[in-house]
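*Asks:* Mind looking over this structure? Questions follow.
Number of protein chains: 2
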Amino acid sequence: MKLALAQTNPTVGDLVANTDRILECAETAGRAGADLTIFPELAISGYPPLDLIQTAGYLEANEAQLQRIAYQSKSLDTALAVGYCGTAGEEGKAANCVGCIQHGEIVLRQRKILLPTYDVFEEARYFVSGGRPRVWNLAGTRIGFTICEDVWNDKQFWERSRYARDPVEELAAQGIDLLVNMSASPYHMGKRGFRLDMFRATATRHGVSTVLVNQAGGNDQLVFDGSSFALDAGGNLRARADSFREDLVFWSMGSDGDIRGCDWSSSDEDREVEAVYDALVMGTRDYVTKCGFSTAIIGLSGGIDSSLTVALATEALGAANVMGVAMPGPYSSEGSLTDARHTAEALGVRLETIGIGPVFGAFLNQLDPLFRGTEPNVAEENLQARLRGGILMALSNKFDGLVLTTGNKSELAVGYCTLYGDMCGGLAVISDVPKILAYKLAAVANRRNPDAIPTSVLTKPPSAELRPDQKDSDSLPPYEVMDPILRLYIEENLSVSAIADQLGQPVKLVQDIARLVDRNEYKRQQAAPGLRVTSKAFGLGRRIPIAHQFVR
Amino acid sequence: MKLALAQTNPTVGDLVANTDRILECAETAGRAGADLTIFPELAISGYPPLDLIQTAGYLEANEAQLQRIAYQSKSLDTALAVGYCGTAGEEGKAANCVGCIQHGEIVLRQRKILLPTYDVFEEARYFVSGGRPRVWNLAGTRIGFTICEDVWNDKQFWERSRYARDPVEELAAQGIDLLVNMSASPYHMGKRGFRLDMFRATATRHGVSTVLVNQAGGNDQLVFDGSSFALDAGGNLRARADSFREDLVFWSMGSDGDIRGCDWSSSDEDREVEAVYDALVMGTRDYVTKCGFSTAIIGLSGGIDSSLTVALATEALGAANVMGVAMPGPYSSEGSLTDARHTAEALGVRLETIGIGPVFGAFLNQLDPLFRGTEPNVAEENLQARLRGGILMALSNKFDGLVLTTGNKSELAVGYCTLYGDMCGGLAVISDVPKILAYKLAAVANRRNPDAIPTSVLTKPPSAELRPDQKDSDSLPPYEVMDPILRLYIEENLSVSAIADQLGQPVKLVQDIARLVDRNEYKRQQAAPGLRVTSKAFGLGRRIPIAHQFVR
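Following this line, the structure appears as structure tokens:
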């Protein structure tokens with residue numbers, strides 16, 4: 348049996364275009380002699396559709412496209428397995444379904460059984476669970492279908508099982524030759540290797556060939572890496588699709604199939620940093636283009652974060668589609684402007700320079716009747732950031748480019764950023780990238796674009812340059828100290844004392860940082876959507892009240 | 348048996364303070380001779396705690412406060428029923444629990460059975476469901492406890508049942524004299540009357556006295572009305588707490604109890620508009636104070652929305668704690684400034700006037716090298732709004748008041764508002780108030796503060812005043828036409844054609860409005876949290892992708 352793993356990149360809700368692409372892939376696969384072509388979870392809909400599922404006509408439109416696939420694939424030699432938003436029972440509740448199509452007929456429909464409802468997932472909000480899964484006999488091969496989470500509950504692999512049922516066991520008990528998993532499994536650092544380990548455990552435990560087909564592409568905050576693969580019954584990798592792009596790979600069971608992309612089976616930090624870079628490039632490209640834009644506008648200060656963001660955007664959209672804007676203010680160093688010019692030139696990106704001095708002066712003048720006699724404070728600092736935000740948005744409104752924000756996760760965590768200032772923009776490209784990781788990504792940028800980010804940017808102490816001689820370290824501990832604390836607080840959800848213990852840091856220091864994180868929730872709830880690359884990003888998957896008083 | 352309905356207003360996560368208040372109420376109720384004092388759902392935690400439930404120590408801290416209540420209430424004559432975040436089983440998963448306390452002992456713990464996971468609720472994300480509920484025999488009275496959603500699944504009341512189980516049936520089958528429901532049931536227009544009807548149906552169906560104790564107060568976007576009550580076995584109202592504030596009312600079963608607040612059992616538009624007004628006042632007060640602020644800053648343009656917002660804030664915080672800021676620009680009418688002054692004076696609120704003209708001029712001058720030769724467009728319009736936002740935020744940063752935004756739901760729906768401009772602020776007071784309702788609320792404001800909002804504000808055509816002679820009606824249909832369309836699209840989730848049919852409006856018009864709603868999702872995802880007063884608000888309970896292409 349020859350399988351085609353069709354790792355498509357659907358746009359949420361663009362059902363006709365997603366289906367067109369499915370049919371294209373099916374035709375290519377059919378011509379190449381595939382017996383079965385497998386698509387990702389919710390391939391017709393795109394994942395995650397969120398509340399669109401509950402809007403009038405969404406399920407009917409999914410069904411219509413599934414019927415169209417059946418009709419239009421009639422003459423193809425390949426059978427198809429396609430994910431779609433279906434219905435369950437007479438009440439027409441939604442279900443996350445796979446539909447199997449052969450010779451123009453929908454021969455099997457099966458619902459997802461395990462519905463993840465944690466972090467970025469909220470499937471219990473939308474879907475009803477499936478009953479006992481049936482085995483499909485395709486030309487003598489007994490195939491069991493699972494959808495994403497359905498394979499994430501192996502009692503032997505996990506210390507604790509999250510669900511009572513194990514759909515893989517239910518299928519294996521019926522006797523299968525091939526286990527198929529259709530997923531929309533979002534990327535975060537290290538997940539590809541983890542996923543492979545887990546699938547290997549499943550394949551070897553049940554002694555069954557196992558295939559994963561995972562969605563590629565970015566949809567809002569989520570970046571799907573694809574990285575589909577096929578394992579034989581011994582858990583050996585026999586086919587692999589590329590990561591962070593669409594792909595179509597083939598595997599004839601019993602032989603070797605296409606192997607693409609790099610080997611990510613073992614942990615290797617450099618490779619994983621490259622992966623984050625690729626994830627951010629793809630996420631940026633997809634967000635910008637799926638929102639209907641082709642160009643991006645970025646405030647380029649000559650600091651590490653904005654330099655990195657410009658490099659990422661340039662790879663995502665092409666240099667001709669990126670505009671950098673330097674906006675020197677009264678406390679900007681000459682070096683920063685020089686560095687900004689260097690980076691723009693090295694990347695081939697247009698740079699405009701618009702000083703904020705005169706506007707800042709006019710503003711302070713207007714505020715003078717009220718501000719006279721007060722000490723300069725965060726009001727004057729934030730004002731500069733807000734004037735810059737105003738310039739970027741004016742350029743966006745005039746020339747129709749999407750503004751990308753440049754703040755990193757460490758800053759966003761502790762509120763070291765200005766709401767309506769440097770937080771202005773449609774996408775927060777690196778808002779899930781801790782500061783230390785930003786430096787590692789800058790090294791990737793410089794490998795791909797030799798010396799685009801000059802050494803001075805990488806070595807100078809980070810500064811917002813909003814008051815004379817300001818340094819981040821005036822108000823924050825060094826990022827080497829802060830980033831590990833933030834990781835344990837945000838990603839691991841630990842208490843202050845547990846973090847202090849684990850890192851050997853003073854309780855007071857951890858406490859101060861934790862309070863900053865808590866107090867700045869209001870900023871994050873008005874932040875632009877950010878691309879998720881860690882196991883816990885701000886945004887969709889982390890829901891913290893603003894006006895709360897819990898202290899851990 | 349004498350019952351005390353203790354309708355408290357907890358702050359999410361402020362476990363010690365919430366518990367202090369519980370103990371105060373218990374003492375008062377005990378002194379008044381109550382046999383049982385009943386508190387809302389999650390009274391120790393405050394609702395909704397969201398992901399705090401999953402942070403280190405949250406469940407343990409809830410248990411500690413429950414134990415404290417038991418210990419410190421030992422000498423009281425009243426038994427207690429208290430909602431808290433508990434655990435279930437050995438794995439320590441979270442559960443939404445009631446704990447019953449008598450003579451210092453926790454004598455019964457019961458978990459919520461039905462876990463709402465729709466709209467603003469996501470309890471399947473957090474909680475495990477309870478097993479068969481037990482009946483508590485207190486001094487000869489057989490009491491059955493339910494938590495909020497547990498009573499919302501009566502097969503006879505609803506056309507369709509959402510859940511397989513009916514906890515009320517499970518309790519009634521065991522024989523009960525009293526059904527208690529502890530809730531955190533958020534307000535929306537008409538909900539109080541609906542809730543009462545539903546409880547009446549339950550009381551009469553099972554022939555059992557029924558008591559609701561509902562949380563009061565605002566927590567972020569949700570406003571809890573309280574409106575607790577007691578029904579006898581015939582479904583007759585025997586006690587009622589006030590709405591939109593803490594309250595403690597008593598009911599001796601078999602006689603009449605305290606009756607407070609107004610009668611909201613039948614539908615009456617004027618009364619419901621008053622309720623929305625009260626909800627917004629309470630929601631504003633609680634958000635501002637629970638965030639640690641005491642004063643508010645509001646851009647007062649002399650239009651209906653900002654005038655209404657200032658009136659609401661004044662009632663919420665006191666006139667001395669509200670600062671209005673008039674920020675006339677090149678296209679502001681003299682009348683607007685006069686109206687703003689009138690309203691500020693009538694309400695006794697400080698008004699500062701800071702023109703944006705000079706700053707706008709300086710800004711255009713800086714942009715001139717890039718903008719020269721282009722036609723004035725939305726760039727110049729939005730810039731004015733953003734300068735105003737910058738002024739308000741500068742005042743906030745300098746004088747520590749919370750900026751309240753003034754946009755209404757109709758504008759937010761179609762994107763007739765400026766991101767980082769008039770959308771700047773910590774709370775969007777009327778962002779769930781459609782424009783037509785804003786006029787009705789302004790009438791309430793004028794009844795409570797005679798003629799605070801002058802007739803000219805109520806009668807002039809709405810305008811953003813961002814270009815010469817601009818009117819909202821230049822780019823939008825009249826609000827009388829648009830608001831009903833928006834309601835069916837957003838609250839009822841209908842298709843374009845169904846809306847056009849139902850309202851007798853052209854399909855093209857409905858389609859255009861629907862497209863505006865869809866395309867402006869990116870603005871709403873960066874909007875300040877808004878107070879929910881309709882059955883479907885933007886924010887927490889409505890999750891729509893930004894980069895989607897679904898057309899209904």
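First to last, the protein sequences are chains A and E.
Numbers given in the working numbering equal positions in the first sequence, counted from 1, plus 347.
Numbers given in the working numbering equal positions in the second sequence, counted from 1, plus 347.
Even glycine gets a Cβ: it sits at the ideal position worked out from N, Cα and C.
Around the Cβ of Gly773 of chain A, are there at least 16 other Cβ atoms within 10 angstroms (buried) or fewer (exposed)?
*Replies:* That one is buried.
*Asks:* Given a cut-off of 8 Å on the beta-carbon distance, is the pair Cys904 of chain A and Leu462 of chain A in contact?
*Replies:* Here chain A covers residues 348 to 899 and nothing more, so residue 904 of chain A does not appear.
*Asks:* Chain A partners of Asp615 of chain E, CB-CB under 9 Å?
*Replies:* Correct list: empty, because the minimum Cβ distance to chain A is about 31 Å.
*Asks:* Looking only at its own chain, which residues have a Cβ that is under 6 Å from the Cβ of Arg368 of chain E, when we skip the five neighbours before and after it?
*Replies:* The residues are Thr355.
*Asks:* Under 7 Å between beta-carbons, which chain E residues line up against Ile893 of chain A? List them in chain order, please.
*Replies:* Asp567, Cys638 and Pro876, listed in chain order.
*Asks:* Less than 8 Å between the beta carbons of Ala626 of chain A and Ala799 of chain A, yes or no?
*Replies:* Not closer than 8 Å, so no.
*Asks:* Assign Gly601 of chain A to buried or exposed, taking buried as 16 or more other Cβ atoms, counted over all protein chains shown, within 10 Å of its Cβ.
*Replies:* Exposed is the call here.
*Asks:* Between the region 775-795 of chain A and the region 760-767 of chain E, do three or more beta carbon pairs fall short of 8 Å?
*Replies:* The region 775-795 of chain A is not in contact with the region 760-767 of chain E.
*Asks:* When the Cβ atoms of the region 373-392 of chain E are set against those of the region 828-844 of chain A, are three or more pairs found closer than 8 Å?
*Replies:* Flag = no, the region 373-392 of chain E and the region 828-844 of chain A do not touch.
*Asks:* Can you tell which of A:Ala588, A:Met740, A:Lys756 and A:Ser743 has the C-alpha that lies nearest to the C-alpha of Asp652 of chain A?
*Replies:* Among A:Ala588, A:Met740, A:Lys756 and A:Ser743, the Cα nearest to that of Asp652 of chain A belongs to A:Lys756.
*Asks:* When Cβ atoms are compared, which residues of the region 808-842 of chain A fall closer than 7 Å to chain E?
*Replies:* Taking 7 Å as the Cβ-Cβ cut-off against chain E, the residues of the region 808-842 of chain A that qualify are Asn840, Leu841 and Ser842.
*Asks:* Verify the CB distance criterion: does Lys745 of chain A have a CB-CB separation below 8 Å to chain E?
*Replies:* Yes, Lys745 of chain A lies at the interface with chain E (some Cβ there is under 8 Å from its Cβ).
*Asks:* By the three-class DSSP mapping on this structure, what secondary structure does Val555 of chain A have?
*Replies:* It is coil, neither helix nor strand.
*Asks:* For the region 688-710 of chain A, list every residue whose C-beta sits within 8 Å of some C-beta in chain E, in sequence order.
*Replies:* Flagged, chain order: Glu699, Ile701, Gly702, Ile703, Pro705, Val706, Gly708, Ala709 and Phe710.
*Asks:* Hey, Asn659 of chain A and Val628 of chain A are a contact pair by Cβ (cut 8 Å); roughly how many whole angstroms apart?
*Replies:* With the sequence shown as reference, residue 659 of chain A is identified as Leu, and Asn is not the correct amino acid for it. That pair is a contact at about 6 Å.
*Asks:* Can you pull the chain A residues whose beta carbon is under 8 Å from the beta carbon of Arg632 of chain E, in chain order?
*Replies:* Residues of chain A passing the Cβ test: none, with the nearest at roughly 11 Å.
*Asks:* Of all the options E:Phe504, E:His450, E:Ile490 and E:Asp513, which has the alpha carbon lying nearest to the alpha carbon of Ser476 of chain E?
*Replies:* Nearest of E:Phe504, E:His450, E:Ile490 and E:Asp513 to Ser476 of chain E, Cα basis: E:Asp513.
*Asks:* In chain A, which residues lie with their C-beta within 8 Å of the C-beta of Gly737 of chain E?
*Replies:* Correct list: Phe710, Leu730, Arg733, Leu734, Gly737 and Tyr767.
*Asks:* Within 10 angstroms of its Cβ, does Trp611 of chain E collect 16 or more other Cβ (buried), or is it exposed?
*Replies:* Trp611 of chain E comes out buried.
*Asks:* Return no unless some Cβ of chain A is closer than 8 Å to the Cβ of Phe571 of chain E.
*Replies:* With 8 Å as the cut-off, Phe571 of chain E does not count as an interface residue toward chain A.
*Asks:* How should Gly436 of chain A be labelled, buried or exposed, when 16 other C-beta atoms within 10 angstroms of its C-beta is the threshold for buried?
*Replies:* Classification of Gly436 of chain A: exposed, given that the 10 Å Cβ count is below 16.
*Asks:* Nearest by alpha-carbon distance to Val804 of chain E: which of E:Pro797, E:Ser654, E:Tyr473 and E:Thr358 is it?
*Replies:* For the residues E:Pro797, E:Ser654, E:Tyr473 and E:Thr358, the minimum Cα distance to Val804 of chain E belongs to E:Ser654.
*Asks:* State the Cα-Cα distance for the pair Gly704 of chain A and Glu410 of chain A, rounded to the nearest angstrom.
*Replies:* Near 58 Å, if we compare the C-alpha coordinates of Glu410 of chain A and Gly704 of chain A.
*Asks:* Which residues bound the beta strand (DSSP E) around Met670 of chain A?
*Replies:* Per DSSP, Met670 of chain A belongs to the beta strand (DSSP E) from Val669 to Ala673.
*Asks:* Exposed or buried, which one is Pro892 of chain E when buried takes at least 16 other CB atoms within 10 Å?
*Replies:* With 16 or more other Cβ atoms within 10 Å, it is buried.
*Asks:* Got a sec, what are the start and stop residues for the alpha helix (DSSP H) Lys756 of chain E sits in?
*Replies:* It spans Lys756 to Val761 - the alpha helix (DSSP H) in which Lys756 of chain E sits, taken as one unbroken run.
*Asks:* Are any of the Cβ atoms in chain A nearer than 8 Å to that of Glu438 of chain E?
*Replies:* Chain A, which has a Cβ nearer than 8 Å to the Cβ of Glu438 of chain E, makes this yes.
*Asks:* Scan the region 381-437 of chain E and note each continuous alpha helix (DSSP H) run of 4 residues or more that stays entirely inside, going in chain order.
*Replies:* Correct list: 405-419.
*Asks:* Quick one: list the residues of chain A neighbouring Cys771 of chain E, beta-carbon separation under 7 Å, in chain order.
*Replies:* Chain A residues near Cys771 of chain E: Tyr767.
*Asks:* Counting only Cβ-Cβ distances shorter than 8 Å, please list the residues of the region 866-890 of chain E near chain A, keeping chain order.
*Replies:* Going along the region 866-890 of chain E in chain order, one finds Tyr869, Gln872, Gln873, Ala874, Ala875, Pro876, Arg889 and Arg890 with a Cβ nearer than 8 Å to chain A.
*Asks:* When you compare only the Cα positions, how much space is there between Arg489 of chain E and Ala376 of chain E?
*Replies:* The alpha-carbon atoms of Arg489 of chain E and Ala376 of chain E are separated by roughly 21 Å.
*Asks:* What residue range is occupied by the uninterrupted beta strand (DSSP E) comprising Thr493 of chain E?
*Replies:* First-last of the beta strand (DSSP E) with Thr493 of chain E: Thr488 to Ile494.
*Asks:* Going by C-alpha distance, which of A:Asn443, A:Arg458, A:Ile453 and A:Asp819 is nearest Tyr418 of chain A?
*Replies:* With distances taken between Cα atoms, Tyr418 of chain A lies closest to A:Ile453.
*Asks:* Can you give me the Cβ contacts of His689 of chain A inside the same chain, cut-off strictly under 6 Å, excluding the 5 residues immediately before and after it?
*Replies:* Contacts found: Pro801.
*Asks:* Could you tell me which chain A residues have their CB closer than 7 Å to the CB of Ala511 of chain E, listed as they occur along the chain?
*Replies:* None at all; the shortest Cβ gap to chain A is about 11 Å.
*Asks:* Between the region 584-618 of chain A and chain E, which residues of the former have CB atoms less than 8 Å from a CB of the latter, in chain order?
*Replies:* Going along the region 584-618 of chain A in chain order, one finds no residue with a Cβ nearer than 8 Å to chain E.
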